[in-house]
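Chains as they are written, first to last, in my numbering: chain A, 2 to 162; chain B, 2 to 162.
Each residue gets a CB set at the ideal place from its N, CA and C atoms; glycine is no exception.
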DNA sequence: TTATTTAGGTCAGCCATATTGACTTAATTA
DNA sequence: TAATTAAGTCAATATGGCTGACCTAAATAA
């Protein structure tokens, strides 16, 4: 039966092979975040701070509500992290046209940190990806994209329009 | 200059495109772990328990030391999680030939939970992966593998030999 | 055989990141 | 004017990490 399955669907992957993917995701994601973690530690920041800095850098003038939508954490969780970043002058808060909203942006200090952290991850990805051909790279991106829940696919598109 | 780069290296990816990969990794990894999280919550377990159950299931009779090497956490961190799993009879501890060591294995109850959690993730990966061809899938696995630090590549190989 | 190393455990305290629930303020919109 | 929305805050709780100090028992090296 297993043989028949392999015969009929050449792209079929058995559980054993798929478990390897589970492990690859675990190990690669952990190592992917380890570089920035070391820099953040010196500033007494964590990965949560990195995410905020990343997405504020990505979308200048992002509001609190939008940021909460991207991060999918509670406003209480965001509050602590964001207040630290604001009080230490990595992030600047201004009022929106709708005066209920706030617009977040990186200060020069914030941009510098954002750049330092992203450079590590960009370099790492580029080093890996340069060893593969364009079909593999596009396939890689597409597979990751398809692993995202539909709701969050929208978010990905929104921050990239 | 950027044009020249693109001209000379067709596989060159600019920072903007690489940033998309950073985001894809963040969103996909988060959604990938959200399924099991819901089941674990009912048992008052977290992702740390899942990892222990996963790797004990993966390598029967794994020792504490080996498990610490895979998870890369301190024994104090492992201790709390593992003791819960043992006291709630998901994991069985026996003594190794070297009587200083302990061998961990899943009980029937543990196997059942492991299966329940892994099934969700395997299903998710299979659903995605079945929409791609074998070259894309292999490329995907290889790129993830290359993102792992050398030390941890060894670990991945060891648990898969 | 004694000394050292190794595998594992434990106690205590600390920090980061997340949660829920309840409540407030100010501004916008119906 | 009433309802909704964006944002903030206080308090309590859980999870999952960490460091440091210290312990036991077994295996191995000097």
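C-beta neighbour in chain B for residue 75/A, strict 8 Å
In the first chain, residue 75/A corresponds to position 74, counting from 1. No, residue 75/A does not count as interfacial toward chain B.
For residue 125/B, count the other beta carbons within 10 Å of its own beta carbon; 16 or more makes it buried, fewer makes it exposed. Which is it?
For the purposes of this step, residue 125/B is taken as residue 124 along the second chain, with counting starting at 1. Burial call: buried.
Relative to the C-alpha of residue 128/A, which residue among 25/B, 148/B, 33/B, 136/B is closest?
Counting from one through the first chain, the residue named residue 128/A turns up at place 127. Checking every option, the nearest Cα to that of residue 128/A belongs to 148/B.
Note down, in chain order, all residues in the segment 17-43 of chain A with a beta-carbon under 8 Å from any beta-carbon belonging to chain B.
Listed by position along the chain: 19, 20, 21, 22, 23, 24, 25, 26, 27, 28, 29, 30, 31, 32, 33, 35.
How would you list, in chain order, the residues of chain B whose beta-carbon sits under 8 Å from the beta-carbon of residue 136/A?
In the first chain, the residue the question calls residue 136/A occupies position 135. By Cβ distance, chain B contributes 136, 137, 140.
If you drop the 5 nearest sequence neighbours on each side, which residues of the same chain put their C-beta closer than 8 Å to that of residue 158/A?
Taking the first chain and counting its residues from 1, one reaches residue 158/A at position 157. Closer than 8 Å at the Cβ level, and outside the excluded window around residue 158/A, lies no residue.
Going by CA-CA distance only, name the one from 18/A, 23/A, 15/A that's closest to residue 118/B.
As a first step, residue 118/B must be located in the second chain, where it is residue number 117. That would be 23/A, whose Cα lies nearest to the Cα of residue 118/B.
Return the Cβ separation of residue 16/A and residue 150/B in integer angstroms, given the expectation that the two are a contact with Cβ distance under 8 Å.
Translated into positions along the first chain, residue 16/A becomes position 15. Translated into positions along the second chain, residue 150/B becomes position 149. Actually they are not in contact, since the Cβ atoms of residue 16/A and residue 150/B sit about 26 Å apart, beyond 8 Å.
With contact counted as at least three CB pairs below 8 Å, one residue from each stretch, are the segment 42-53 of chain A and the segment 84-93 of chain A in contact?
yes
Counting only Cβ pairs nearer than 7 Å, list the residues of chain A close to residue 122/B.
Against the second chain, residue 122/B aligns to sequence position 121. Simply 23.
So residue 107/B is in the beta strand (DSSP E); what residue range does that whole segment cover?
By 1-based counting over the second chain, the position of residue 107/B is 106. First-last of the beta strand (DSSP E) with residue 107/B: 103-107.
DSSP state of residue 74/A, grouped into three classes?
The residue you call residue 74/A lines up with position 73 of the first chain. The answer is coil: DSSP assigns residue 74/A none of H, G, I, E or B.
Pick out the complete alpha helix (DSSP H) segments inside the segment 93-149 of chain B, 4 residues or longer, and give them in chain order.
109-130, 135-147
Taking residue 114/B as the reference, give the member of 55/B, 65/B, 144/B, 130/B with the closest Cα.
As a position in the second chain, residue 114/B is number 113, starting the count at 1. The option with the nearest alpha carbon to residue 114/B is 55/B.
State yes or no: is the beta carbon of residue 161/A nearer than 8 Å to at least one beta carbon in chain B?
The count along the first chain starts at 1 and reaches residue 161/A at position 160. Taking Cβ atoms only, chain B reaches closer than 8 Å to residue 161/A, which makes this a yes.
Would a C-beta distance cut-off of 8 Å place residue 142/A and residue 26/B closer than the cut-off?
As a working mapping, residue 142/A is identified with position 141 in the first chain. As a working mapping, residue 26/B is identified with position 25 in the second chain. No. Outside cutoff.
Nearest-angstrom Cα distance between residue 64/A and residue 63/B?
For the purposes of this step, residue 64/A is identified with residue 63 of the first chain, where counting begins at 1. For the purposes of this step, residue 63/B is identified with residue 62 of the second chain, where counting begins at 1. Each residue's alpha carbon lies about 48 Å from the other.
With burial defined as no fewer than 16 other Cβ atoms inside 10 Å of the residue's Cβ, what is the status of residue 77/A: buried or exposed?
On the first chain, residue 77/A is found 76 positions in, with the first residue counted as 1. Counting Cβ neighbours within 10 Å, residue 77/A comes out exposed, since fewer than 16 surround it.
Measure the Cβ-Cβ separation of residue 79/B and residue 93/B and say whether it is below 8 Å.
Position 78 of the second chain, counted from the first residue, corresponds to residue 79/B. Position 92 of the second chain, counted from the first residue, corresponds to residue 93/B. Not closer than 8 Å, so no.
What span of residues does the alpha helix (DSSP H) with residue 160/A cover, start to end?
In the first chain, counting from the first residue as 1, residue 160/A sits at position 159. Segment: none, residue 160/A is in no alpha helix (DSSP H) and carries neither H nor E.
Could you tell me if residue 135/B is buried or exposed, where buried requires 16 or more neighbouring beta carbons within 10 angstroms of its beta carbon?
Here residue 135/B refers to the residue found at position 134 of the second chain. So residue 135/B counts as exposed.
Less than 8 Å separating the beta-carbons of residue 14/A and residue 29/B?
Your numbering for residue 14/A matches position 13 in the first chain. Your numbering for residue 29/B matches position 28 in the second chain. No.
Using the C-alpha atoms, what's the distance from residue 58/A back to residue 20/B?
Walking along the second chain from the start, residue 20/B turns up at place 19. Walking along the first chain from the start, residue 58/A turns up at place 57. Cα to Cα, residue 20/B sits roughly 11 Å from residue 58/A.
Looking only at its chain, what residues have a beta carbon closer than 7 Å to the beta carbon of residue 12/B, apart from the 5 residues adjacent to it on each side?
Stepping through the second chain from its first residue, residue 12/B is reached at position 11. Interpretation of residue 12/B is limited by its pLDDT of 49, a score under 50 that renders its predicted location unreliable; the figure taken from the coordinates is listed afterwards. Closer than 7 Å at the Cβ level, and outside the excluded window around residue 12/B, lies no residue.
What residues from chain A crowd round residue 153/B, counting only those whose CB sits closer than 7 Å?
One-based indexing of the second chain puts residue 153/B at position 152. Under the 7 Å cutoff, chain A gives 28, 32.
Taking residue 69/B as the query, report the chain A residues whose CB atoms sit under 7 Å from its CB, ordered along the chain.
As a working note, residue 69/B is residue 68 in the second chain. Chain A residues near residue 69/B: none, gap ~14 Å exceeds 7 Å.
From this set, 107/B, 81/B, 99/B, 106/B, which residue's C-alpha is nearest residue 49/B's C-alpha?
If you number the second chain from 1, residue 49/B lands on position 48. Out of 107/B, 81/B, 99/B, 106/B, 81/B has the C-alpha closest to the C-alpha of residue 49/B.
Determine, using beta carbons only, whether residue 104/B and residue 97/B come nearer to each other than 8 Å.
Start at 1 with the first residue of the second chain, and residue 104/B comes out as number 103. Start at 1 with the first residue of the second chain, and residue 97/B comes out as number 96. Their beta carbons are under 8 Å apart, which means residue 104/B touches residue 97/B by this criterion.
Below 8 Å between beta carbons: does that hold for residue 130/A and residue 138/A?
One-based indexing of the first chain puts residue 130/A at position 129. One-based indexing of the first chain puts residue 138/A at position 137. Contact flag set, yes.
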